[in-house]
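Chains as they are written, first to last, in the numbering used here: chain V, 3 to 304; chain C, 3 to 304.
Single-structure report; data block below.
In structure tokens form, the structure reads like this:
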């Protein structure tokens, strides 16, 4: 098969999974949303329309890689992880945080609904993540043991040892502005949740412990590569392609990989991490889909 | 036994459970906190020192009422619920929300650490709630089925059908300013989580379904009574007693029970709801402790 054919296949498969994620997300919102229209509108606004859905796709494809048979449960977990990711974007964009007016190609939540609703929307979408996971047993029949394991993985990645540490260090950098400091921030703010997405997919497929650990390591490498490219795109891309304000990192003096090592060394480092992730997945099954997504992480334009 | 002796017993018992909750909260923070000192300090600041610990105490005492034997697991769930409650206080106090400088007798989180850290602290403390519950199985041996049930109860109370609906309606009231509108707000913003605390305690004690439903209804009545008195205290109390800024509701034109019905009718309504809660608990066991706490809800000064 030619590289071109493979690429077309990857895009089709990516779009197909994204469509499944989006449809299920919409169904779950119908099931779980309530309260005043104002907050329901805001939750739908931030969750629907837009987003690459990278984390849920990684979750689903990891489950597939390991020949998991809990497709429906895995899709719901994938949606829950997208909720968690989205809540962090809503809060990161707030004026007191990154103060960004644009997200996923449209006005960010607080620009559209005001700051108070944006705070509440982020809060609600985090709760929704855990409500979805805890309810999969009743809806679909995932065992409570799996549900508790997935909740643990996601909550840990979300907390002060994961995303929150990353955001804090992003706002208040500590120590030297060197590559190990950047790597620490990237790991906490991005790689932990990407690893959690892949590890959750693995847990639902129920493999032996060793596999789960290897998937997690692959996810951490992939996540770091993803964030390095995000930093590079922030420098190089235009707003129409990016869907968010470019050059934000520069103007805010943020600690990024290219600001320390330059764009070329950053791309080289991302490629090295992707190659490491592939090695970690080797021998676990048909890795072609995950390898394609790993390659995509470093060639993407947004 | 005289009323005076009973009262002393209640206070001793209340303080003893509060001490257990505070000690365990501190231990769990040592286990689960990580990341930069700045965020760990802020999480400890909002969670330790202060707070009546009403919700966790209701959780523990409901478990005791039903002769539950999972004391350690119940204590951890109680702590998790206090985390969820505390995160909502941190975010409610933000300038874009209620803009309150004082909480639990000290500067609110954003006054002490800045707005960005206050947003992240609230977020982290919500995640922590779910991390604690999902990990009880490993730490203590609560069955995953119970952990999933408790997660579901808490997440639902936290989401757009619970706390978030209440906060949204508090900020943007809908419809007429009448008692049914107040009741809708109170139920969502306060009663759902108090009911969740009691229902969680019941779930861990593992009674038949009917009992769980009755406990939930008692919690909803108790929660509404609690919030009515909160509104009354906002009008009547002084800052030294209250530990937060009084007259906030008045100055912000908030929809409260006394603003619609006056203080006397409010106290009468709270007493009626407490009496209803007692009826719902009747026959479930030795209800003396819970009855005492229900009485306390309406006589408290802060």
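From the three backbone atoms N, C-alpha and C, an ideal C-beta is built for every residue, glycine too.
For chain C, is any of its Cβ atoms less than 9 Å away from the one on residue i?
| i | result |
| --- | --- |
| residue 229 (chain V) | no |
| residue 161 (chain V) | yes |
| residue 247 (chain V) | no |
| residue 282 (chain V) | no |
| residue 190 (chain V) | yes |
| residue 129 (chain V) | yes |
| residue 88 (chain V) | no |
Show which residues of chain V have a CB atom less than 7 Å away from the CB atom of residue i.
| i | result |
| --- | --- |
| residue 143 (chain C) | Simply none; closest approach about 12 Å. |
| residue 158 (chain C) | 133 |
| residue 290 (chain C) | Residues of chain V passing the Cβ test: none, with the nearest at roughly 33 Å. |
| residue 150 (chain C) | 136, 139, 146, 149, 150 |
Is the shortest distance between the beta-carbon of residue i and the beta-carbons of chain V less than 9 Å?
| i | result |
| --- | --- |
| residue 98 (chain C) | yes |
| residue 166 (chain C) | yes |
| residue 84 (chain C) | no |
| residue 146 (chain C) | yes |
| residue 45 (chain C) | yes |
| residue 253 (chain C) | no |
| residue 258 (chain C) | no |
Taking C-beta to C-beta, are residue i and residue j nearer than 9 Å?
| i | j | result |
| --- | --- | --- |
| residue 217 (chain C) | residue 283 (chain C) | yes |
| residue 8 (chain C) | residue 227 (chain C) | no |
| residue 152 (chain C) | residue 206 (chain C) | yes |
| residue 118 (chain V) | residue 173 (chain C) | yes |
| residue 258 (chain V) | residue 165 (chain V) | no |
| residue 110 (chain C) | residue 125 (chain C) | no |
| residue 30 (chain C) | residue 79 (chain C) | no |
| residue 221 (chain C) | residue 279 (chain C) | yes |
| residue 77 (chain C) | residue 26 (chain C) | yes |
| residue 48 (chain V) | residue 92 (chain V) | yes |
| residue 193 (chain V) | residue 224 (chain V) | yes |
| residue 202 (chain C) | residue 138 (chain C) | no |
| residue 208 (chain C) | residue 148 (chain C) | yes |
| residue 212 (chain V) | residue 233 (chain V) | no |
| residue 2 (chain C) | residue 157 (chain V) | Lying before the first or after the last residue shown, residue 2 (chain C) is absent from chain C, which here runs from 3 to 304. |
| residue 146 (chain C) | residue 146 (chain V) | yes |
| residue 304 (chain V) | residue 239 (chain V) | yes |
| residue 1 (chain C) | residue 59 (chain C) | The question about residue 1 (chain C) has no answer here: the residues shown for chain C are numbered 3 through 304. |
| residue 98 (chain C) | residue 287 (chain V) | no |
| residue 197 (chain V) | residue 219 (chain V) | yes |
Strictly below 8 Å CB to CB, what residues from chain V border residue i?
| i | result |
| --- | --- |
| residue 170 (chain C) | 37, 38, 40, 41, 119, 122 |
Could you tell me if the beta carbon of residue i falls within a distance shorter than 8 Å of some heavy atom in the ligand GDP?
| i | result |
| --- | --- |
| residue 173 (chain C) | What this structure holds is no ligand at all, so the ligand GDP is not there to describe. |
List the DSSP bridge partners of residue i.
| i | result |
| --- | --- |
| residue 105 (chain V) | V:108 |
Kindly list, in the order they appear in chain C, the residues whose Cβ is closer than 7 Å to that of residue i.
| i | result |
| --- | --- |
| residue 93 (chain V) | 121, 125 |
| residue 114 (chain V) | Those within 7 Å of residue 114 (chain V) in chain C number zero; the least Cβ separation is about 14 Å. |
| residue 173 (chain V) | 118 |
| residue 153 (chain V) | 132, 136, 153 |
| residue 201 (chain V) | The premise fails here: residue 201 (chain V) is roughly 14 Å from chain C at the closest Cβ pair, so nothing lies under 7 Å. |
| residue 226 (chain V) | What residue 226 (chain V) touches in chain C: nothing, since even the nearest Cβ is about 17 Å away. |
Which bits of chain C does residue i rub up against, with CB to CB less than 8 Å?
| i | result |
| --- | --- |
| residue 176 (chain V) | 38 |
Inter-stretch contact at 8 Å, needing at least 3 Cβ pairs: the region 230-248 of chain C / the region 88-106 of chain C:
With the rule of 3 Cβ pairs closer than 8 Å, the region 230-248 of chain C counts as touching the region 88-106 of chain C.
Take every Cβ of the region 124-135 of chain V, pair it with every Cβ of the region 153-173 of chain C, and state whether three or more of those distances are shorter than 8 Å.
yes
When the Cβ atoms of the region 32-41 of chain V are set against those of the region 78-97 of chain V, are three or more pairs found closer than 8 Å?
no
Between the region 62-69 of chain V and the region 174-182 of chain V, can you find at least three pairs of beta-carbon atoms closer than 8 Å?
no
Closer than 8 Å between beta carbons: that is the criterion. Which residues of the region 10-34 of chain V meet it against chain B?
Here the protein chains are V and C, and chain B is not one of them.
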